[in-house]
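Okay, so here's the structure we're looking at.
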Amino acid sequence: MRKLIYLLPFILFAWLTSYLTSCKKDVLFSKDYLSFSADTVLFDTVFTTIGSTTKRLKIYNTSNQPVKVKSVILVGGENSPFRINLDGVSGTIFKDFVIPADDSLFMFVEVTLGENNDTVPMIIEDIVEFETNGKMQSVQLAAWGQDAYFHYKDLNEGIWDNLKPHVIYDFALVDEGKSLTIEAGTRIYMHKGAILYVNKGELHIEGEYENKVIIEGDRLEPFYKDVKGQYYGIYFNEALSSTIDNAIIKNGTAGVHVFGNNSSNSGYTVEITNTEISNHASYGIFNYSGGKVKGENLNIHSNGLYAYFLLEGGSHNFRHSQFLSYGSDGNQPAVAIKNYFTREDKITYIGNVGEGAFYNSIIYGGGDFQIAYDTITNNGAVSIDIEYNTNFIRQKTVPTNAGFVSNTWNVNPNFENVAGKEFIIRSNSSCRNNGSSAFATQKDIIGTFRDMAAPDIGAYELD
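Number 1300 in my numbering belongs to position 197 of the sequence shown; there are no gaps in the numbering.
Next comes the structure, spelled out in structure tokens:
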């Protein structure tokens, strides 16, 4: 009897536990279906053989009860160019999992396309199917694919045609004594850190007014449209006489970098015409240590530091060009001239500014000082040429140097839309018909003929 009394509490506990367990409600699952953040996962231009960026799709259970997902299937299976990862797990088939009430999970999607040996872009598609509560739902996967010429630490000469884009990884080199011509309409995409390097050779970019050569980063998603510093730029190292005509160069670190001048050149190191250079992390044009640059009909804007930077001497002659410093670079001058630099060897190198000309141009921006000079003449042993004639310039303190002639100071050029980066003057701009015929170019940046007797100041001529 005592033994029974002793065991009674344990018997009671076991019975109570069994009773409560038997009374526990079964989990009720929702009879609803899934919702998705998009009905299509679309990849903009993806270059063949190169993996895409990662896109994500969010899968929602909007019910106040958990939902059972019977299956998720990538229809193309293992042969699909697409790859999916569901909440951290890669695969092509996923079965029998639960999404809690009012919760969601992520699907990550990537794609790698094979070459199709065609110059025409292709569309590649697949489908992800979801089965939930007897209902089939699907999300489309689609990618625009494009074959390309790939350049990785390679030597280049001859002609780059425009049949397919050119993609540069690390560097594409035009070596000493070699010549590379880039045809009108060519698109060049630069990978992170990439550089088109001209080392004592020559480069000729031959765009046309209606068929520009475009140089930009290789991230083509809309997010990267205006991201600076996606690659380095075009670097001329003691190059033979080179030309850039009718190009758009954007989103690098230094759009055009000119170092030194080749002793074989009788004229300029680089002549740049009818070109827009914009949205670079540091400089539009960086002329370093004796380079000679000529520019006509240039629109240089939206760069992180200067539109044009001359360091340690060199020469420049610009006509009908625009050096603009608005927005993120608004506190920096548009043009900076410094004829000396102390290098890593602790030696200060000083150079002449052999030619320093700006004609019929606009030097303007958000700050009060759009021209900055920091020069050393070394007791007259170094020459600094200053020649500004018939320009629109913003400069709070107007220079009195004899090299400034017939310029208009601190008058807004009245662009169409500064915030929208539309740097075409309006019809009521004071730049209209106020240029000098002595420095006029026959056409403007887009091929409009100028009034040679009274041209508009800047890169654009209004009809």
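Even glycine gets a Cβ: it sits at the ideal position worked out from N, Cα and C.
Around the C-beta of Tyr-1255, fewer than 16 other C-beta atoms lie within 10 Å, and the residue is accordingly described as exposed. Contact fails between the segment 1228-1237 and the segment 1259-1277, because fewer than three Cβ pairs, one in each stretch, are under 8 Å apart. As for any beta strand (DSSP E) of minimum length 3 sitting wholly inside the segment 1451-1525, the runs are 1451-1453, 1456-1462, 1465-1468, 1474-1477, 1490-1492, 1518-1520, ordered along the chain.
In chain order, Ile-1285, Thr-1289, Ile-1308, Gly-1310, Ala-1350 place their CB closer than 6 Å to the CB of Val-1316, counting only its own chain and leaving out the 5 sequence neighbours on each side. Short of 7 Å from the beta carbon of Thr-1445, and not among the five residues preceding or following it, lie these beta carbons of its own chain, in chain order: Thr-1451.
Rounded to the nearest whole angstrom, the C-alpha separation of Ala-1484 and Val-1456 is 12 Å. If you draw a straight line from the Cα of Leu-1216 to the Cα of Tyr-1386, it is about 35 Å long. Between Leu-1401 and Thr-1378, the beta carbon gap of about 6 Å places them in contact (Cβ cut-off 8 Å). Going by beta carbons, Ala-1384 and Lys-1331 fall inside the 9 Å limit. Counting along the chain, the unbroken beta strand (DSSP E) around Lys-1397 starts and ends at 1395-1404. When C-alpha distances from Ala-1543 are compared across Ile-1528, Ala-1562, Val-1178, Asn-1188, the shortest belongs to Ala-1562. Ser-1193 and Met-1210 have their C-alpha atoms roughly 10 Å apart. By the Cβ criterion, the segment 1527-1543 is in contact with the segment 1491-1502, since at least three pairs of Cβ atoms, one from each stretch, lie closer than 8 Å. Within the model, the alpha-carbon separation for Trp-1512 versus Glu-1324 is close to 41 Å. Beta-bridge analysis with DSSP links Ile-1351 to Ile-1317, Glu-1379. Distances from the alpha-carbon of Lys-1173 to those of Pro-1184, Thr-1165, Val-1201 put Val-1201 closest. Under a 10 Å Cβ-count criterion, Leu-1244 is classified as buried, with 16 or more other Cβ atoms of the shown protein chains found around its own Cβ. Pairing Tyr-1327 with Ile-1298 gives a Cβ-Cβ distance that is not under 9 Å.
Just so you know, the alpha carbons of Ser-1166 and Ser-1207 end up roughly 11 Å apart. Residue range 1238-1249 is occupied by the beta strand (DSSP E) that includes Gln-1243.
Per DSSP, the continuous beta strand (DSSP E) segment holding Val-1192 begins and ends at 1192-1194. The beta carbon of Phe-1472 is closer than 7 Å to those of Pro-1436, Gln-1498, Lys-1499 in its chain, skipping five residues each way along the sequence. Counted as a single uninterrupted DSSP element, the beta strand (DSSP E) harbouring Asp-1147 occupies residues 1143-1150. Of the candidates Leu-1413, Arg-1535, Lys-1198, Arg-1186, the residue whose Cα lies closest to the Cα of Asp-1488 is Leu-1413. Going by beta carbons, Glu-1374 and Ser-1405 fall outside the 9 Å limit. In the same chain as Asn-1537, and ignoring 5 residues on each side of it, the C-beta atoms closer than 8 Å to its own belong to Thr-1493, Thr-1511, Ala-1557, Asp-1559, Ile-1560, in chain order. Measuring C-alpha to C-alpha distances from Gly-1355 to each of Ile-1380, Asp-1221, Tyr-1443 identifies Ile-1380 as the nearest.
With fewer than 16 other Cβ atoms from the protein chains shown falling within 10 Å of its own Cβ, Gly-1191 counts as exposed. Here Glu-1181 carries a helix assignment [DSSP, helix/strand/coil]. One alpha carbon belongs to Lys-1353, the other to Met-1293, and they sit about 11 Å apart. Counting along the chain, Ile-1262 sits inside the beta strand (DSSP E) bounded by residues 1261-1263. The beta carbon of Asp-1221 is closer than 8 Å to those of Asp-1250 in its chain, skipping five residues each way along the sequence. Of the other Cβ atoms in all chains shown, fewer than 16 fall within 10 Å of the Cβ of Gly-1370; this residue is therefore exposed. Measuring C-alpha to C-alpha distances from Asn-1365 to each of Lys-1524, His-1423, Gly-1179, Lys-1303 identifies Lys-1303 as the nearest. Annotation: the segment 1269-1353 contains the following complete segments of the beta strand (DSSP E) (minimum length 3 residues), in chain order: 1269-1277, 1282-1285, 1290-1293, 1298-1302, 1305-1309, 1316-1320, 1336-1340, 1345-1348, 1350-1353. When C-alpha distances from Phe-1253 are compared across Ser-1282, Trp-1247, Asn-1236, Glu-1218, the shortest belongs to Glu-1218.
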